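Peer 1: Just so we're aligned: the sequence shown equals residues 230 to 336 in our numbering. For reference, the structure I am asking about is given below.
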Amino acid sequence: IGELLKDPEICKKAPAVFQFVITKGPSDATASWVVDGKAGEVREGTAAKADCTLTLSDADFVLMVSGKLPAQRAFMMGKLKIAGNMGVAQKFAVISSKLTKGQTSKL
230 IGELLKDPEI CKKAPAVFQF VITKGPSDAT ASWVVDGKAG EVREGTAAKA
280 DCTLTLSDAD FVLMVSGKLP AQRAFMMGKL KIAGNMGVAQ KFAVISSKLT
330 KGQTSKL
């Protein structure tokens, strides 16, 4: 994802700060990541002010960014929780669609 955000065209299409809370990781750990489309960066931690927060399990996150679980379906199934601006959350699809087209993630 970090490599994709170096592309100014992607940042123009998704100019938002996405806070991800990834649950059920190794040893049942929870991790927080910030995908900042405004600054073009990805970092571990918590955003001072996120436009939206997306919470899902580690396994479902992998499925979502690999294109095997559409975000809308994950949301409808209760696997993806969204807090904040829903319209902004939908802009993450711009980034994740690039991942599923053969791009690699360094997240």
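Just so you know, even glycine gets a beta-carbon here, dropped at the ideal spot from N, CA and C. Quick caveat, the model's predicted, so the values are computed rather than measured.
Tell me the start and end of each unbroken alpha helix (DSSP H) in the segment 284-328 that is at least 4 residues and wholly inside, in chain order.
Peer 2: Whole alpha helix (DSSP H) segments, 4+ residues: 287-294, 300-305, 315-328.
Peer 1: Using 9 Å as the threshold, is the C-beta distance between F304 and T282 below it?
Peer 2: No, they are not a contact pair.
Peer 1: Can you list, in chain order, the residues of its chain with a C-beta nearer than 8 Å to that of S261? Leave out the 5 residues immediately preceding and following it.
Peer 2: Q248, F249, V250, I251, E273, G274, T275, listed in sequence order.
Peer 1: Distance, Cα to Cα, G316 vs D289?
Peer 2: About 21 Å.
Peer 1: Any idea if D280 is buried or exposed, counting beta-carbon neighbours within 10 angstroms, 16 or more meaning buried?
Peer 2: Result: buried.
Peer 1: Please tell me whether S286 and K308 are closer than 9 Å, where the distance is taken between their beta carbons.
Peer 2: Yes, they are a contact pair.
Peer 1: In terms of residues, what are the limits of the alpha helix (DSSP H) holding K242?
Peer 2: Per DSSP, K242 belongs to the alpha helix (DSSP H) from 237-242.
Peer 1: Residues bridged to D265 by DSSP?
Peer 2: The partner list for D265 (beta bridge, DSSP) reads V246, E270.
Peer 1: Between K310 and the rest of its own chain, which residues show a CB-CB distance below 6 Å, the 5 nearest in sequence each way excluded?
Peer 2: Counting only Cβ-Cβ distances below 6 Å, and skipping sequence neighbours, we find T284.
Peer 1: Kindly give me the distance between the Cβ atoms of V323 and K242, rounded to whole angstroms, as I take these residues to be in contact under 8 Å.
Peer 2: Rounded, the Cβ-Cβ distance is 4 Å, consistent with contact.
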